[in-house]
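Just so you know, we're using the numbering used here here: the sequence shown kicks off at 662 and counts up by one.
Just so it is clear, CB atoms sit at the ideal spot from N, CA and C, and this is done for glycine as well.
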Amino acid sequence: MFCRKCGKELEDNWNTCPYCGETVGNVELEKEGNINKSHGKSKLWIGVGVAAVVMTAVTIGVVIGKIGTFTKNGQQTVKENSVENSEKSKEKKRKEVKDFSSQDFETIIGNSISELEEIGLKKADGKEEYTGLNGNLQVTCQGEMIQSISIEGEETTTPSFHKARLGMSKEEVKNNLAEAYPEQEEAEGMLKFLNLEKKSSVECSFSEDKLNKIYYRVLSEEEVASYQQAKEEKLRAEFIFPDSDKKYLSEDEVRAKTVEDLMVGRNEIFARHGYMFEDANLKSHFESTSWYQGTVPSSEFNSEQVFNEFEKKNVELIKKVEDEINGEAAREAERQAAINEGYNHIVGNSYNYRGWQLVIEFQTSDTVRICYGGEILDDYFNYSITARYEENKDAMSWLKYITINGVEYYLRCFTDGSINLSGAGEFDGWYDKI
């Protein structure tokens, strides 16, 4: 220890300083004072140490912050990029809410309804409905299932539906939707596309031939059944014999058809199997139906291989009846030709009975005037011409008969203009044309 007065170093057991006589006093107390001073210094250093630690931590934080903020070459850091990306994400989300032009809304069908809000639609309060573009987009749901989608409004911001977009023409809409929704109905200003297997309907409304609204909805079971029935009825109406591939036709139902229908009905059995028709009328007819697809050239078609037993027998029956009717039609045509030949020969002409002053004047196709002894009398009679297929000179031919005033005569017309009436009436005989 040291003297407090002169500062000399003292021994621990000295009570008085030998250099200046100063009483040293309570050595223990002095020691304690030294110790207290030492404690004070320790506290000071501890405080300085704590401050240093704090300053070091702050410095490290600043350095870390700078490291997170800048790279060695001064470019933007991950932290700034993260903030910027977050802002861009928010900006993108805001843009998506205002513009759905890049979205095809058919793709949201079958997805979770939670995704509707993710793409920018808003849920209506208390309703299972999501909207966007100030109500121009509407999506209704039932549970987790989307039930309908309505799209209208500005062409530049609205979404498409299976590539159909507002502003398109009818032809463009058909090209985009027809394959996925094969059933179609058309009305004034509207096209409806149906996919009965998927129970889906897409109604497209047009203004001045431009698409201005798309409305998709899920069909109920009852609606699907109704459409299926209407489809089947429409399909059956395109056939003469709708079930000719499933049952044997009766002769009565075959004979109930016209000869023209029989030809089509027989060929529709071929058409079902893709027969390619060379006859222009048949080709045009079948190509106008909804079911025909010509795929097999006539030269390669083998009915024995492709027809079932119903079809084979029905083709035979139809052809048999067809030939009979065609034969009868041909006979009727020949009969009518013979009758017409008789009328053409006599109408408008007058004939003089040979050796007698009797004149017959065929004024029209049903009126004849009779004159006796050169006198013009007002004797008018009705007449008509018929024809029968009978034997004539050992050969069958169409013979003409004329009935005058109720009496029938066998009529023969000759190339020199003369005629012969043969019968039991007063006009029996030979006549020369005047």
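Please confirm whether Y1014 and Y1092 have their CB atoms less than 9 Å apart. Indexing the sequence shown from 1 puts residue 1014 at position 353. Indexing the sequence shown from 1 puts residue 1092 at position 431. Contact: yes.
Which residue from E869, G1003, N856 puts its Cα closest to that of S1026? Translated into the one-based positions of the sequence shown, residue 1026 becomes position 365. Of the candidates E869, G1003, N856, the one whose C-alpha sits nearest the C-alpha of S1026 is G1003.
Going by DSSP in three states, F867 sits in which element: helix, strand or coil? Counted from its first residue, the sequence shown places residue 867 at position 206. If DSSP states are grouped into helix, strand and coil, F867 belongs with the strands.
Hey, how far is the Cα of R933 from the Cα of K835? The sequence position of residue 933 within the sequence shown is 272, counting from 1. The sequence position of residue 835 within the sequence shown is 174, counting from 1. Answer to the nearest angstrom: the Cα atoms are 26 Å apart.
Is the number of C-beta pairs between the stretch 969 to 976 and the stretch 895 to 906 that are closer than 8 Å three or more? yes
Rounded to whole angstroms, what is the Cα-Cα separation between E884 and L855? The count along the sequence shown starts at 1 and reaches residue 884 at position 223. The count along the sequence shown starts at 1 and reaches residue 855 at position 194. Computed Cα separation, rounded: 11 Å.
Cβ separation of R896 and G828, assumed to be a contact under 8 Å, to the nearest whole Å: Indexing the sequence shown from 1 puts residue 896 at position 235. Indexing the sequence shown from 1 puts residue 828 at position 167. Note on residue identity: the sequence assigns Leu, not Arg, to residue 896. The pair is not a contact, with the Cβ atoms about 35 Å apart (cut-off 8 Å).
Outcome for F1075 when other beta-carbon atoms lying within 10 angstroms are tallied against a minimum of 16: As a first step, residue 1075 is located in the sequence shown; it is residue number 414 there, counting from the start. That one is exposed.
Measuring CA to CA, which of Y1033, M1057, C1032, L1082 is closest to I1046? If you number the sequence shown from 1, residue 1046 lands on position 385. The option with the nearest alpha carbon to I1046 is L1082.
Give the straight-line distance between the Cα atoms of S1079 and Y1070, rounded to the nearest whole angstrom. Here residue 1079 corresponds to residue number 418 of the sequence shown, with the count starting at 1. Here residue 1070 corresponds to residue number 409 of the sequence shown, with the count starting at 1. Roughly 15 Å between the two C-alpha positions.
So for Q736, helix, strand or coil by DSSP? For the purposes of this step, residue 736 is taken as the residue at position 75 of the sequence shown. Summary for Q736: the model assigns pLDDT 44, below 50, so the residue's position carries little reliability; its value from the coordinates is reported in the next sentence. The answer is coil: DSSP assigns Q736 none of H, G, I, E or B.
Element boundaries [beta strand (DSSP E), containing K831]: As a working note, residue 831 is residue 170 in the sequence shown. Segment 831 to 838 is the alpha helix (DSSP H) holding K831; no beta strand (DSSP E) there.
Going residue by residue through the stretch 938 to 974, where are the continuous alpha helix (DSSP H) segments of at least 4 residues, counting only ones entirely within it? 941 to 948, 964 to 967
Among the candidates Q1018, E816, K853, T818, whose CA atom is the shortest distance from the CA of K831? Numbered from 1 along the sequence shown, position 170 holds the residue referred to as residue 831. Selected option, being the one with the closest Cα: K853.
Beta-carbon proximity check, S821 vs D765, cutoff 9 Å: Position 160 of the sequence shown, counting from 1, holds the residue named residue 821. Position 104 of the sequence shown, counting from 1, holds the residue named residue 765. For S821 and D765, yes; Cβs fall inside 9 Å.
Reference Q799; option with closest CA among F938, G787, E813: For the purposes of this step, residue 799 is taken as residue 138 along the sequence shown, with counting starting at 1. Ranking F938, G787, E813 by Cα distance to Q799 puts E813 first.
Close-in-space but distant-in-sequence residues of the same chain around S773 (CB under 7 Å, 5 per side omitted): On the sequence shown, position 112 is the one that residue 773 refers to. For S773, where only same-chain residues beyond five positions count, the Cβ hits under 7 Å are E805.
Whole beta strand (DSSP E) elements within the stretch 779 to 808, 3-residue minimum: 790 to 793, 798 to 803
Starting from L852, follow its DSSP beta bridges and name the residues at the other end. Counting from 1 along the sequence shown, the entry for residue 852 is found at position 191. Answer is E847, C865, bridged to L852.
Straight-line Cα distance separating S762 from E778: Position 117 of the sequence shown holds residue 778. Position 101 of the sequence shown holds residue 762. About 16 Å.
Who does R878 pair with in a DSSP beta bridge? Numbered from its first residue, the sequence shown carries residue 878 at position 217. According to DSSP, which records beta bridges pairwise, R878 is partnered with S809, S862.
My output table needs one value for G1090: the three-state DSSP class, helix, strand or coil. Within the sequence shown, residue 1090 is the residue found at index 429, counting from 1. Strand, per DSSP.
From the DSSP output, in three-state form, read off I1007 for me. Along the sequence shown, read from residue 1 onward, the residue named residue 1007 stands at position 346. Correct three-state label for I1007: helix.
Do Y888 and L857 have their beta-carbon atoms positioned less than 9 Å apart in this structure? Here residue 857 refers to the residue found at position 196 when the sequence shown is read from its first residue. Here residue 888 refers to the residue found at position 227 when the sequence shown is read from its first residue. For L857 and Y888, yes; Cβs fall inside 9 Å.
For H946 and I769, the rounded distance between their alpha carbons: Numbered from 1 along the sequence shown, position 108 holds the residue referred to as residue 769. Numbered from 1 along the sequence shown, position 285 holds the residue referred to as residue 946. Spanning the two alpha carbons is a distance of roughly 42 Å.
Assigned secondary structure, T919 (DSSP; H/G/I helix, E/B strand, else coil): As a first step, residue 919 is located in the sequence shown; it is residue number 258 there, counting from the start. Coil, per DSSP.
Inter-residue spacing [alpha-carbon to alpha-carbon] between I807 and T950: Numbered from 1 along the sequence shown, position 146 holds the residue referred to as residue 807. Numbered from 1 along the sequence shown, position 289 holds the residue referred to as residue 950. Near 35 Å, if we compare the C-alpha coordinates of T950 and I807.
Enclosing beta strand (DSSP E) for K669 [first to last residue]: The residue you call residue 669 lines up with position 8 of the sequence shown. No beta strand (DSSP E) contains K669, which DSSP labels as neither H nor E.
Among E815, A839, E864, which has the Cα closest to the Cα of E849? For the purposes of this step, residue 849 is taken as residue 188 along the sequence shown, with counting starting at 1. Considering only alpha carbons, the answer is E864.
Selection from M851, E869, E846, S881 that minimises the alpha carbon distance to K859: What you label residue 859 is simply residue 198 of the sequence shown in a count that begins at 1. The shortest Cα separation from K859 among M851, E869, E846, S881 belongs to S881.
Please classify N1005 as buried or exposed, where buried requires at least 16 other C-beta atoms within 10 Å of its C-beta. The residue labelled residue 1005 in the question sits at position 344 within the sequence shown. The residue is exposed, with fewer than 16 neighbouring Cβ atoms inside 10 Å.
Member of A1085, E993, V1029, G1084 whose CA lies at the smallest distance from the CA of S1058: As a position in the sequence shown, residue 1058 is number 397, starting the count at 1. When only C-alpha atoms are compared, the closest one is E993.
Alpha-carbon spacing of G1086 relative to R927, whole angstroms: Position 425 of the sequence shown, counting from 1, holds the residue named residue 1086. Position 266 of the sequence shown, counting from 1, holds the residue named residue 927. Approximately 52 Å, taken between the alpha carbons.
Which of the three DSSP states, helix, strand or coil, is assigned to A994? Mapped onto the sequence shown, residue 994 falls at position 333. In this structure, A994 counts as helix in the three-state DSSP scheme.
Please list, in chain order, all residues of the same chain as E983 whose beta carbon is under 8 Å from its beta carbon, the five residues on each side excluded. On the sequence shown, position 322 is the one that residue 983 refers to. Hits under 8 Å: V920, L923, M924, R927.
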